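Worksheet: the structure to be examined is printed underneath.
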Ligand SMILES: Nc1ncnc2c1ncn2[C@@H]1O[C@H](COP(=O)(O)OP(=O)(O)O)[C@@H](O)[C@H]1O
Ligand SMILES: [Mg+2]
């Protein structure tokens with residue numbers, strides 16, 4: 199039994215935790231939910247000894263303990279798997295699991311003993327992992343299992359999982375939920391941090407909600423609904439309206455068509471290995487897939503950032519081959535890239551200069567050859583208001599805004615240019631619920647206004663929420679095509695892993 203009592207934690211001017219108390223029982227799956235920045239990770243990092251609270255105390259079995267480092271936490275049976283894994287990719291599963299407490303013989307790592315020990319731990323908790331496999335040959339789901347096995351191997355009684363399903367397929371998530379429930383049934387405790395409410399409710403018994411550094415509610419999973427949890431997370435006043443999700447048949451003209459398209463990735467190896475698809479005006483086409491299966495490269499091809507190798511493609515009336523970013527923009531391609539921090543904006547420039555970027559010579563940003571300062575200011579103010587960018591000050595350097603607000607500026611600018619085809623990559627990553635709803639509403643508006651939208655996202659929930667059609671990418675190929683309302687999440691998940699039925703849906 200662990201209790202966190204009246205924990206306070208500040209980072210400079212930011213109050214990350216404001217008098218948070220939490221009891222963690224044995225044999226339960228407890229979920230910790232809240233918007234980005236609510237303080238979930240900070241709270242658990244305090245319990246894991248990574249952060250030190252400014253005040254408050256941690257009790258383990260009724261006794262106040264000092265957790266100076268993760269070493270102390272691990273000694274008390276507390277283990278944590280972070281959002282970003284901390285494995286050494288070039289070592290084997292066994293080597294990673296025993297790292298820091300290796301069995302040795304004559305001062306050298308005793309490989310065979312390490313392998314036997316790790317195999318025993320896997321066996322005991324029902325994990326199917328090859329202790330001899332190198333970690334960089336494993337899928338993300340398996341790498342996560344290695345992290346969990348590592349914590350259990352060190353004697354974790356309480357296992358903290360920070361956003362563990364963010365990068366998993368639905369099948370891998372199901373697998374993880376089984377593991378979590380099994381551990382709880384065996385008397386261990388799992389703390390599950392997430393903001394995916396449906397899955398939280400399917401795995402946890404008890405849900406604690408945090409908002410802006412405070413603990414605001416605790417509910418039993420059996421007695422609540424996702425809508426109620428979302429309202430608790432954001433506060434009633436800011437609750438976005440749920441959008442009706444209807445199917446929009448692609449009636450419009452064909453904006454993009456590719457046939458057997460191939461292209462190389464950053465490392466020179468084939469990233470697209472024969473992609474055939476099309477996108478029409480008035481539809482949102484989702485590209486689903488596990489990270490690293492060619493989706494990014496595909497978006498780069500469409501925006502002129504990556505050369506086509508072979509195959510053919512037509513984009514807005516011209517060939518895809520030889521496309522440059524300037525030519526893509528001229529034809530009417532809008533682009534909300536994933537790495538907005540360096541590609542889409544100049545952070546030291548003001549918000550209004552960023553809004554004008556790429557359109558400096560057009561009205562209302564220019565009058566003849568001169569900058570139209572008043573026109574630029576006015577347009578920017580209108581956009582900041584309608585996208586609820588905070589603070590709505592056009593003169594601030596962009597870098598003074600939070601990441602979420604910078605993202606809103608990029609989306610506002612790209613949509614303001616009325617693109618015919620909009621290519622968006624991970625458009626809502628890192629945004630809070632209110633901002634996610636706004637950005638998604640704008641993408642639907644663009645679609646309803648006749649634009650074609652190509653949505654690349656690793657978040658399958660987002661793809662399913664927005665897209666009219668979905669192409670699944672696996673190893674640079676399309677392994678499935680789905681049309682709303684025939685979205686079959688399980689089958690999409692199987693296609694993401696390169697398995698599943700032969701026939702395509704829809
Ligand atoms: N190491 C840090 N340095 C400065 N600020 C931080 C640090 N870690 C977290 N914060 C801030 O504390 C707040 C809570 O963050 P976090 O606990 O990561 O939220 P959550 O996990 O709920 O998304 C945020 O405002 C975040 O920016
Ligand atoms: Mg976090």
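Residue numbers (the working numbering): 199 to 704. Just so you know, even glycine gets a beta-carbon here, dropped at the ideal spot from N, CA and C. Just so you know, these numbers come straight off a predicted model, no measurement behind them.
*How would you write the range of the beta strand (DSSP E) that residue 458 sits in, first residue to last?*
Unbroken beta strand (DSSP E) run through residue 458: 452-462.
_Please output, in chain order, the residues near ligand 1 using a CB cut-off of less than 6 Å to any non-hydrogen atom of the ligand._
Matched residues: 209, 212, 214, 232, 234, 235, 236, 237, 238, 239 and 240.
*Since residue 461 and residue 506 are thought to touch, with beta carbons under 8 Å apart, how far apart are those beta carbons, to the nearest angstrom?*
That belief holds up - the Cβ atoms of residue 461 and residue 506 are roughly 6 Å apart, short of 8 Å.
*Specify whether the region 409-426 and the region 242-258 touch according to this definition: at least 3 beta carbon pairs, one from each stretch, less than 8 Å apart.*
These segments do not touch.
*Helix or strand or just coil, what does DSSP make of residue 158?*
This structure cannot speak to residue 158, because the chain is shown only from 199 to 704.
*Just to confirm, does residue 495 get its C-beta within under 7 Å of one of the non-hydrogen atoms of ligand 2?*
Ligand 2 has no heavy atom closer than 7 Å to the beta-carbon of residue 495.
*With a 10 Å radius around its C-beta and 16 neighbouring C-beta atoms as the bar for buried, classify residue 319 as buried or exposed.*
Buried is the call here.
*Hey, could you find the ends of the alpha helix (DSSP H) residue 632 is sitting in?*
It spans 631-646 - the alpha helix (DSSP H) in which residue 632 sits, taken as one unbroken run.
*Below 8 Å on the Cβ atoms is my guess for residue 254 versus residue 205; work out the distance and round it to an integer in Å.*
With 8 Å as the limit, residue 254 and residue 205 qualify as a contact, their Cβ atoms being about 4 Å apart.
_Cβ contact (3+ pairs, closer than 8 Å) linking the region 595-610 and the region 544-554_ = Three or more beta-carbon pairs drawn from the region 595-610 and the region 544-554 are found closer than 8 Å, and the two stretches are therefore classed as touching.
*asked:* Using a Cβ-Cβ cutoff of less than 8 Å, which residues in the same chain neighbour residue 383 once the five nearest sequence positions on both sides are dropped?
replied: Close CB contacts of residue 383 within its chain, under the 8 Å cut and outside five residues either way in sequence, are with 225 (chain order).
*Rounded straight-line distance, which links the Cα of residue 560 to that of residue 409*: Roughly 43 Å separates the two Cα atoms.
*Taking DSSP as the reference, what is the three-state secondary structure of residue 478?*
Residue state, collapsed to three classes: strand.
*Once you ignore the five residues that flank residue 510 on each side, which residues in its own chain have a CB closer than 6 Å to its CB?*
Cβ neighbours of residue 510 beyond the five flanking positions: 457.
*asked:* Taking its Cβ as the centre, do 16 or more other Cβ atoms sit within 10 Å of residue 489, making it buried, or is it exposed?
replied: Flag for residue 489 reads exposed.
*Could you tell me the distance, in whole angstroms, from the CA atom of residue 442 to the CA atom of residue 277?*
Caution is warranted here: a pLDDT of 47 is assigned to residue 442, below 50, making its placement in the model unreliable, and no coordinate value can be reported.
*Tell me, please, which residues DSSP counts as bridged to residue 533.*
Paired residue(s): 621.
*Could you tell me whether the region 563-581 touches the region 619-631, where touching means 3 or more Cβ pairs closer than 8 Å?*
As far as the Cβ criterion goes, the region 563-581 does not touch the region 619-631, which means the pair count is below three.
_Per the DSSP calculation, residue 213 is bridged to which residue(s)?_
BP columns for residue 213 point to 208.
*Spatial neighbours of residue 617 in its chain, beta-carbon cut-off 7 Å, leaving aside the 5 residues before and after*: Taken in chain order, the residues that qualify are 530, 531, 532 and 649.
*Rank 252, 425, 603 and 288 by C-alpha distance to the C-alpha of residue 393 and give the top, closest one.*
The shortest CA-to-CA distance from residue 393 to any of 252, 425, 603 and 288 is the one to 425.
*Please classify residue 332: does DSSP put it in a helix, a strand, or coil?*
Assignment of residue 332 by DSSP, reduced to helix, strand and coil, places it in the strand class.
*Would you mind sorting residue 439 into buried or exposed? The rule is 16 or more other CB atoms within 10 Å of its CB.*
The predicted model places residue 439 with a pLDDT of 47, which falls under 50 and marks its position as unreliable; any figure quoted below should be read in that light. Exposed, by the Cβ-count rule.
_Check this for me: beta carbons of residue 453 and residue 619, under 8 Å apart or not?_
With respect to residue 619, residue 453 sits close: the two C-beta atoms are nearer than 8 Å.
*In chain order, what residues of the same chain lie with their CB nearer than 8 Å to the CB of residue 286, ignoring the 5 residues before and after it?*
Excluding residues within five positions, the ones whose Cβ falls inside 8 Å are 293, 294, 297 and 333.
_Using a Cβ-Cβ cutoff of less than 6 Å, which residues in the same chain neighbour residue 697 once the five nearest sequence positions on both sides are dropped?_
Excluding positions up to five away in sequence, the list is empty.
*In terms of residue numbering, what span does the beta strand (DSSP E) encompassing residue 277 cover?*
The continuous beta strand (DSSP E) containing residue 277 extends over residues 276-279.
_Local conformation of residue 201 per DSSP, three classes_ = Annotated three-state conformation of residue 201 is strand, per DSSP.
*What do you get for residue 535, buried or exposed, if any count of 16 or more other CB atoms within 10 angstroms of its CB means buried?*
Burial check for residue 535: the Cβ neighbour count within 10 Å reaches 16 or more, so the residue is buried.
*Taking the alpha carbon of residue 312 as the point to measure from, which residue in 356, 352 and 695 has its own alpha carbon closest?*
Looking at the Cα atoms, 352 is the closest of the given residues.
*Inter-stretch contact (C-beta, 8 Å, three-pair minimum) for the region 513-530 and the region 675-687*: The region 513-530 is not in contact with the region 675-687.
*Sequence-distant residues of the same chain with beta carbon closer than 7 Å to residue 502, five excluded per side*: If we look at residue 502 and ignore the five residues flanking it on each side, its Cβ neighbours are 521, 522, 523, 525 and 526.
*Since residue 588 is in the alpha helix (DSSP H), which residue starts that stretch and which ends it?*
Premise fails: residue 588 is in no alpha helix (DSSP H) and is neither H nor E.
*Start-to-end residues for the beta strand (DSSP E) that takes in residue 257*: Here the beta strand (DSSP E) through residue 257 covers 253-258.
*Going by beta carbon distance, what residues of the same chain come within less than 6 Å of residue 758, once the five residues before and after it are set aside?*
It is not possible to answer for residue 758, since the shown part of the chain is limited to 199 through 704.
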